[in-house]
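In what follows, a structure is listed as structure tokens, so that the remarks can point back to it.
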Amino acid sequence: MEKLLMKGNEALAEAAIRAGCQCFFGYPITPQSELPAYLAREMPKRGRVFLQAESEIAAINMVYGAAGAGARVMTSSSGPGISLKQEGISYLCGAELPCLIVNIVRGGPGLGDIQPAQSDYFQATRGGGHGDYRTIVFAPSSVQELVDLVYDAFDLADIYRNPVMILGDGILGQMMEPVVFREKPRRQLPPKTWATTGKKGRGQNIITSLYLDPVKLEQHNWKLDKKYREIMARECRWEVINGDDAEYFVVAYGICARIAFSAIEMARSAGVKAGLIRPVTLWPYPQKAFDDVMNRAKAFLTVELSLGQMIDDVKLSVNGRAPVYFYGRPGGMVPTAEDIFNEILKMKGASV
Amino acid sequence: MKVVFERPRSLQLTRTHYCPGCGHGIVHRLVAEIIDEFNIQEKTIGIAPVGCSVLAYNYFDIDMQQAAHGRAPAVATGIKRVLPDRVVFAYQGDGDLASIGTAEIIHAAGRSENITVIFINNAIYGMTGGQMAPTTLVGQKTETTPYGRDPKMAGYPIKICEILSVMDGPAFIARVAISDVKNILKAKSMIKKAFQMQIENRGFSLVEILSPCPTNWGMTPGDAMRWINDEMTKVFPPGIYKESWEVLA
Amino acid sequence: MNKLVIDKDRCKGCGLCIEVCPKKILHFDNSIVNLLGYHPVAADDGCIACGFCSTICPDIVFSVYKDVKEGETVGKAVDEGQ
Ligand SMILES: Cc1ncc(C[n+]2csc(CCOP(=O)(O)OP(=O)(O)O)c2C)c(N)n1
Ligand code: SF4
Ligand code: SF4
Ligand code: SF4
Ligand SMILES: [Mg+2]
């Protein structure tokens, strides 16, 4: 199969097109700009819709309309824009509409900067909007994985009738790597009998998140809960490195996991039995990855480009069975492998 | 026997939750009659707003989506871009369209999105209990302008037809009142023209409808109708503000 | 004879139809309370099937039928709306 050298943002765009994305709605923001630029060029050529909306608020509501009409649809943005999309994401979850939302995270809070960050973890995994809801969150750490996850994201969105988010960062978006666009066997997807396409030949279809009767809303929420539990049981993804013998684990996702990978190599050369847990789904969080190594694990070190957000999930997963340490660089600064290596040594020193 | 009036097919039998004398019921019926007359019930998709008409999907017998507050034009855009051969209309109140959703309506008009917008101007936030709307008249008393809207504090009413009509995008912009039988029939012919514009692919159409909210105006339904004729039309003159029969490229 | 059908349980007693009926044949029937809790509208004889009441009624209470002779058209109100 042909290998292409592509920037993360552009590879994501091409993968979306190949995965059958029919329309894109978005508003410009750095550092994801190559993605809409690519789609603006390619979508019309292939008879698809590209529309630059007047705001992220409009964009996410266009996604709502298009998803409700049965289309495979996506939007992309970065932190400040994703904040504006929160009301729309809540509505999408309430009305159970499938879509792909890409967040190429930048430093915050506020306008922050445009450097890579992981400080939108809470927003992505806890739901930044109102109400009890969940979105599936993928955190790729290479351009190839990014491409592969785009196909899966669209499929899972359709299967569960739920928004799926890809959480990337500026490095991943800008990085050039060789990629292969696999023609993966498509999953069996349920027909969209619920879409509002005009009621020809059937009864009325309604897309809504309004249930004025609390009895009905509670039922609806329990139904969502059942779906979320199914997703938790079936869709957790992670990668463990040196899981067979490691005692000291770094936990990191996305770009941090790549740097951490070099750090654990250094640690092993220095005689430390180091390993890496790399969650690929941030929600549902892969707790099993921790259970699997718990009999040997002496300590965990969470490394994030933030003040510490995923560490909450690490602690919940470890559940007091081992100490959990944290090393983070907020605001767009990126640690080196040496930095993390030193933290691994500290963890070992503190845990003996 | 000739039928002078019967319930239009595109309306369900359901009784509405609207207050006695509310204009929403009249406008729902007019829109449904037009859908029937164009025979487009099976290919029309409506968008219900946040506001008193949030449950419009329980009253129209067509496919519908419920949109976030003010975002109906964006939702309509999403639907229409996916299904360009369907008829898509957004139904919005004045708080929805002229306050929280000003960006969405102006840009849908600017893009000449080939959709129809039914804009209910009742000079009030009906659903939340009678607060000032962007369209509340100077001097009008509401829950949040208890001494009457004072322009020094609360500014002036927003005139959507006037604003949109200076733009290149829209194909049809009109304002009507449903204050008496004659005006209701006039309103129907304008709404019909708006839908015709869309069906003929001429681009964005909007009809603003001066509509009574007897409950929050604190008036009898009859007095509310008279207040539209006597006061509202002075600030919001009915008429066709823009009409362009060019076909979208 | 023209036919005026009144779906009493839909009437919300707003009185708009009573104001616009040119023949002044509509009134509230204070002897009954309908499903919605209102005294619904009732009609006396003499309906000309002009459709004014059904045009202004927000709640689809009326159905109106005109007894037309050969070649005759129905009321102006209705024609204008078509
Ligand atoms: C984001 C958001 N803000 C506020 C509200 C509360 N809200 C519900 S309806 C409404 C006003 C609706 O007024 P209008 O659009 O004029 O419709 P009407 O009820 O008068 O027909 C408001 C502010 C909401 N649902 N969502
Ligand atoms: S509050 Fe006003 S707009 Fe809302 S249903 Fe009642 S009369 Fe109609
Ligand atoms: S159809 Fe005309 S005459 Fe007959 S009841 Fe209605 S308004 Fe009166
Ligand atoms: S207009 Fe309709 S709802 Fe109002 S009183 Fe007459 S019949 Fe009843
Ligand atoms: Mg209003």
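Listed in order, the protein sequences are those of chains U, Y and R.
505 is the number of the first residue of the first sequence in the working numbering; add one for each residue after it.
-19 is the number of the first residue of the second sequence in the working numbering; add one for each residue after it.
-16 is the number of the first residue of the third sequence in the working numbering; add one for each residue after it.
Cβ coordinates follow ideal geometry from the N, Cα and C atoms, glycine included.
Quick caveat, the model's predicted, so the values are computed rather than measured.
Using the beta-carbon of each residue, which ones in chain Y are nearer than 7 Å to residue i?
{"i": "residue 23/R", "result": "None at all; the shortest Cβ gap to chain Y is about 11 Å."}
{"i": "residue -5/R", "result": "0"}
{"i": "residue 544/U", "result": "The contacting residues do not exist; residue 544/U stays about 14 Å from chain Y at best."}
Listing by chain order, which chain U residues have their CB less than 9 Å from the CB of residue i?
{"i": "residue 23/Y", "result": "701, 702, 703, 704"}
Along chain R, which residues have their Cβ under 8 Å away from the Cβ of residue i?
{"i": "residue -15/Y", "result": "34, 37, 38, 45, 46, 47, 61"}
{"i": "residue 27/Y", "result": "Within chain R, no residue comes near residue 27/Y; the closest Cβ sits about 21 Å away, beyond 8 Å."}
{"i": "residue 51/Y", "result": "By Cβ distance, chain R contributes nothing, its closest Cβ being about 27 Å from residue 51/Y, past 8 Å."}
Assuming residue i contacts residue j under a Cβ cut-off of 8 Å, what Cβ separation, rounded to an integer in Å, is found between them?
{"i": "residue 32/Y", "j": "residue 149/Y", "result": "Not confirmed; about 28 Å, so no contact."}
{"i": "residue 20/Y", "j": "residue 67/Y", "result": "5 Å"}
{"i": "residue 34/R", "j": "residue 8/R", "result": "Going by Cβ atoms, the distance from residue 34/R to residue 8/R rounds to 14 Å, so no, they are not a contact pair."}
{"i": "residue 568/U", "j": "residue 595/U", "result": "6 Å"}
{"i": "residue 739/U", "j": "residue 785/U", "result": "6 Å"}
{"i": "residue 189/Y", "j": "residue 100/Y", "result": "6 Å"}
Please state whether DSSP places residue i in a helix, a strand or coil.
{"i": "residue 739/U", "result": "coil"}
{"i": "residue 115/Y", "result": "coil"}
{"i": "residue 538/U", "result": "helix"}
{"i": "residue 527/U", "result": "strand"}
{"i": "residue 513/U", "result": "helix"}
{"i": "residue 855/U", "result": "helix"}
{"i": "residue 797/U", "result": "helix"}
{"i": "residue 166/Y", "result": "helix"}
{"i": "residue 700/U", "result": "coil"}
{"i": "residue 145/Y", "result": "helix"}
{"i": "residue 621/U", "result": "coil"}
{"i": "residue 551/U", "result": "coil"}
{"i": "residue -11/R", "result": "strand"}
{"i": "residue 212/Y", "result": "helix"}
{"i": "residue 195/Y", "result": "helix"}
{"i": "residue 62/R", "result": "Confidence at residue 62/R is low in this model, with a pLDDT of 45, below 50, so the placement of that residue is unreliable and no value is reported for it."}
{"i": "residue 122/Y", "result": "strand"}
{"i": "residue 808/U", "result": "strand"}
{"i": "residue 629/U", "result": "helix"}
{"i": "residue 634/U", "result": "coil"}
{"i": "residue 175/Y", "result": "helix"}
{"i": "residue 682/U", "result": "strand"}
{"i": "residue 23/R", "result": "coil"}
{"i": "residue 711/U", "result": "strand"}
Give the residues of chain U in contact with residue i, contact being defined as C-beta atoms less than 7 Å apart.
{"i": "residue 87/Y", "result": "558, 562"}
{"i": "residue 48/Y", "result": "565, 591, 592, 595"}
{"i": "residue 100/Y", "result": "Within 7 Å Cβ-Cβ: nothing; residue 100/Y doesn't reach chain U, min ~18 Å."}
{"i": "residue -11/Y", "result": "Residues of chain U passing the Cβ test: none, with the nearest at roughly 12 Å."}
{"i": "residue 71/Y", "result": "Ordered by position in chain U, no residue passes the 7 Å Cβ test against residue 71/Y, which lies about 14 Å from the chain."}
Using a cut-off of 8 Å between C-beta atoms, extract the partners of residue i located in chain U.
{"i": "residue 41/Y", "result": "703, 708"}
List, in chain order, every chain R residue whose beta-carbon is nearer than 7 Å to that of residue i.
{"i": "residue 161/Y", "result": "3, 35, 38, 39, 60"}
{"i": "residue 9/Y", "result": "43"}
{"i": "residue 164/Y", "result": "38, 39"}
Whose Cβ in chain Y lies nearer than 9 Å to the Cβ of residue i?
{"i": "residue 454/U", "result": "For residue 454/U there is no data in the structure shown, the boundaries of chain U being 505 and 856."}
{"i": "residue 529/U", "result": "54, 57, 58, 61"}
{"i": "residue 51/R", "result": "-19, -18"}
Check the DSSP bridge columns for residue i and list the partner residues they point to.
{"i": "residue 101/Y", "result": "190/Y"}
{"i": "residue 556/U", "result": "530/U"}
{"i": "residue 153/Y", "result": "186/Y, 222/Y"}
{"i": "residue 676/U", "result": "BP columns for residue 676/U are empty, so no partner."}
{"i": "residue 647/U", "result": "Answer by DSSP bridge pairing: none, since residue 647/U is not bridged."}
{"i": "residue 71/Y", "result": "98/Y"}
{"i": "residue 640/U", "result": "668/U"}
Taking residue i as the query, report the chain R residues whose CB atoms sit under 9 Å from its CB, ordered along the chain.
{"i": "residue 107/Y", "result": "None at all; the shortest Cβ gap to chain R is about 17 Å."}
{"i": "residue 104/Y", "result": "Near residue 104/Y there are no residues of chain R at all, since even the closest Cβ is about 17 Å away, more than 9 Å."}
Show which residues of chain Y have a CB atom less than 8 Å away from the CB atom of residue i.
{"i": "residue -1/R", "result": "1, 201, 202, 205"}
{"i": "residue -14/R", "result": "-19"}
{"i": "residue 723/U", "result": "Correct list: empty, because the minimum Cβ distance to chain Y is about 18 Å."}
{"i": "residue 570/U", "result": "58, 59, 61, 62"}
field: Continuous beta strand (DSSP E) assignments of at least 3 residues falling wholly in the stretch 558 to 614 of chain U
entry: 577 to 581, 603 to 609
field: 4-residue-minimum alpha helix (DSSP H) runs that sit fully inside the stretch 32 to 58 of chain R, ordered along the chain
entry: 35 to 39
field: Inside the stretch 719 to 793 of chain U only - beta strand (DSSP E) runs reaching at least 3 residues
entry: 742 to 745, 752 to 755, 778 to 783, 785 to 787
message: As an exercise, report each continuous beta strand (DSSP E) stretch of at least 3 residues that is fully enclosed by the stretch 815 to 856 of chain U, in chain order.
response: 828 to 832
- prompt: Which full runs of the beta strand (DSSP E) of 3+ residues lie inside the stretch 30 to 65 of chain Y, going along the chain?
  reply: 43 to 46
query: Going along the chain, which unbroken runs of the alpha helix (DSSP H) with 4 or more residues stay wholly within the stretch -19 to 26 of chain Y?
result: 3 to 18
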